[in-house]
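Undergrad: First the structure, which I've put down as structure tokens, then a few questions once you've had a look.
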Amino acid sequence: MSANVSWVLLLLVGALLQPAQADLPATSRPTAIEQRVLELVNEARSRGQRCGREHFPAADPLSLARPLRSAADAHARDMARRSYFEHRAMDGSQPKDRVLRAGYRPRLTGENIAFGPESAEEVVAGWLESPGHCANLMDQRFIDMGVAVALGRQRGHFYWVQVLGAPLR
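Note that my numbering has the sequence shown beginning at 8, numbered continuously upward.
Right under this line is the structure:
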């Protein structure tokens, strides 16, 4: 196994062993994976992107928001535990429902999910290649995000969730 793959797996395992968001102290810091996804997303936003046939100009950088992180984590873990891959959770909740449950009061929400990628680079590249996911990433109305990854029941099955938001003002 290459050193890069070993490092990515170590980061993923560390992220998966993090306690649930509700248990984190107010000063908790983002994981290395969260920070890397944020960095890659903000790099893409700074350059502007073509998402399918639509061009999106450069957009302001996103910030990590704890409630969005909590909503992403809960959905990633639920999909991994129950082996499904949908925006609608098994309890019937939609992204906005989970965001509200986590304590974020949105004006606007969006969600990107992915199944399989093993690194932040792979998941962001995949989202940028998909017109709908790319449009979410590039939407200038979003100012916050949260991201989580969970390991599924079968080894190597990673469930990623990115939640995007703009709070009520």
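Glycine included, each C-beta is placed from N, C-alpha and C at the ideal position.
Computed from a predicted model, the values in this text were never measured in an experiment.
Along the alpha helix (DSSP H) that carries residue 93, what are the first and last residues, could you check?
TA: Within the sequence shown, residue 93 is the residue found at index 86, counting from 1. Here residue 93 belongs to no alpha helix (DSSP H), and DSSP marks it neither H nor E.
Undergrad: How is residue 62 classed by DSSP in three states: helix, strand or coil?
TA: Stepping through the sequence shown from its first residue, residue 62 is reached at position 55. Strand, per DSSP.
Undergrad: By the DSSP assignment, the alpha helix (DSSP H) with residue 40 in it spans what residues?
TA: On the sequence shown, position 33 is the one that residue 40 refers to. Segment 39-54, the alpha helix (DSSP H) holding residue 40.
Undergrad: Taking Cβ to Cβ, would you say residue 146 is nearer than 7 Å to residue 75?
TA: To locate residue 146, count along the sequence shown from 1; it is residue 139. To locate residue 75, count along the sequence shown from 1; it is residue 68. No, Cβ-Cβ distance for residue 146 and residue 75 is not below 7 Å.
Undergrad: For the stretch 73-155, list the beta strand (DSSP E) runs that are entirely contained and at least 3 residues long, ordered along the chain.
TA: 113-122, all fully within the stretch 73-155.
Undergrad: Examine the Cβ distances between the stretch 94-106 and the stretch 54-67 and report whether three or more of them are shorter than 8 Å.
TA: No contact exists between the stretch 94-106 and the stretch 54-67.
Undergrad: Could you tell me which of 72, 173, 155, 171 sits nearest to residue 165, measuring between CA atoms?
TA: Position 158 of the sequence shown holds residue 165. With distances taken between Cα atoms, residue 165 lies closest to 155.
Undergrad: Would you kindly check if the distance between the Cβ of residue 131 and the Cβ of residue 116 is under 7 Å?
TA: Translated into positions along the sequence shown, residue 116 becomes position 109. Translated into positions along the sequence shown, residue 131 becomes position 124. For residue 116 and residue 131, no; Cβs fall outside 7 Å.
Undergrad: Is the CB-CB distance between residue 87 and residue 159 below 7 Å?
TA: By one-based count along the sequence shown, residue 87 stands at place 80. By one-based count along the sequence shown, residue 159 stands at place 152. Contact flag set, yes.
Undergrad: Could you check the C-alpha separation between residue 72 and residue 51 for me, to the nearest Å?
TA: Sequence index remark: in the sequence shown, residue 72 carries index 65 (1-based). Sequence index remark: in the sequence shown, residue 51 carries index 44 (1-based). Their backbone Cα atoms lie some 19 Å apart in a straight line.
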